[in-house]
Amino acid sequence: MEIQAFTKAGGVMKAGKGTWATIDTVWASVKDVLPSRAEKTGDTIDIAKRPARVRMDYREDITSAHRFKLGARIMEIVAGPAEIGHREGMEFMVVEYTTKGEAP
């Protein structure tokens, strides 16, 4: 699984723009939380969210400002990190968002 950080573009004309860059690739456990899909409608757009729990070895450098990428799946961190044991591991709650009709 890739850990990604947002890199802001420089300059006044590029305010609010940037790219996601991979900072590391790690082994992690990803388990979907049941129910695995929930749909909400907001202004005629159907959004499906797929919550999951991610566990990995302990690291000090990951915050909710990062995101995870596993294959085609891009997951936003919504809670955590929670420390497991004494710096043995960490757990995050993540959500993958898709619009209705797109493959998850």
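Just so we're aligned, residue 3 is where the sequence shown starts under the numbering used here, counting upward by one.
Even glycine gets a Cβ: it sits at the ideal position worked out from N, Cα and C.
Open item on the list: If I measure Cβ to Cβ from Ser38 and keep anything under 7 Å in the same chain, skipping five residues before and after, which residues do I get?
Closed with: In this predicted model, Ser38 has a pLDDT of only 46, less than 50, meaning its place in the structure is not dependable; the value taken from the coordinates is given anyway. Within the same chain, Arg52 come within 7 Å of Ser38 by CB-CB distance, once the 5 residues on both sides are set aside.
TODO: Quick one: using the 10 Å Cβ neighbour count with 16 as the cut-off for buried, is Ile64 buried or exposed?
DONE: The residue in question, Ile64, is buried, as its Cβ has 16 or more Cβ neighbours within 10 Å.
TODO: Assuming Ala24 and Glu4 form a contact by the criterion Cβ under 8 Å, report the distance between their Cβ atoms to the nearest whole angstrom.
DONE: Looking at the sequence itself, residue 24 is Thr, so the reference to Ala does not match. Yes, Thr24 and Glu4 are in contact; Cβ-Cβ is about 5 Å, under 8 Å.
- [ ] Following the continuous beta strand (DSSP E) through Gly172, name the residue where it begins and the one where it ends.
- [x] Residue 172 is absent from the structure shown; the chain starts at 3 and stops at 106.
- [ ] Would you list the residues sitting across from Ala84 in a DSSP beta bridge?
- [x] DSSP output for Ala84 lists Glu93 as bridge partner(s).
Task: Rounded C-alpha distance that separates Gln6 from Val96 - done: Rounded to whole angstroms, Gln6 to Val96 spans 13 Å at the Cα level.
Open item on the list: With H, G and I counted as helix, E and B as strand and the rest as coil, what does DSSP make of Ser38?
Closed with: Below a pLDDT of 50, predicted positions are generally treated as unreliable, and Ser38, at 46, falls in that range; no measurement from the model is reported.
- [ ] Starting from Ala7, trace the beta strand (DSSP E) both ways and give me its first and last residue.
- [x] Note, Ala7: beta strand (DSSP E), 4 to 10.
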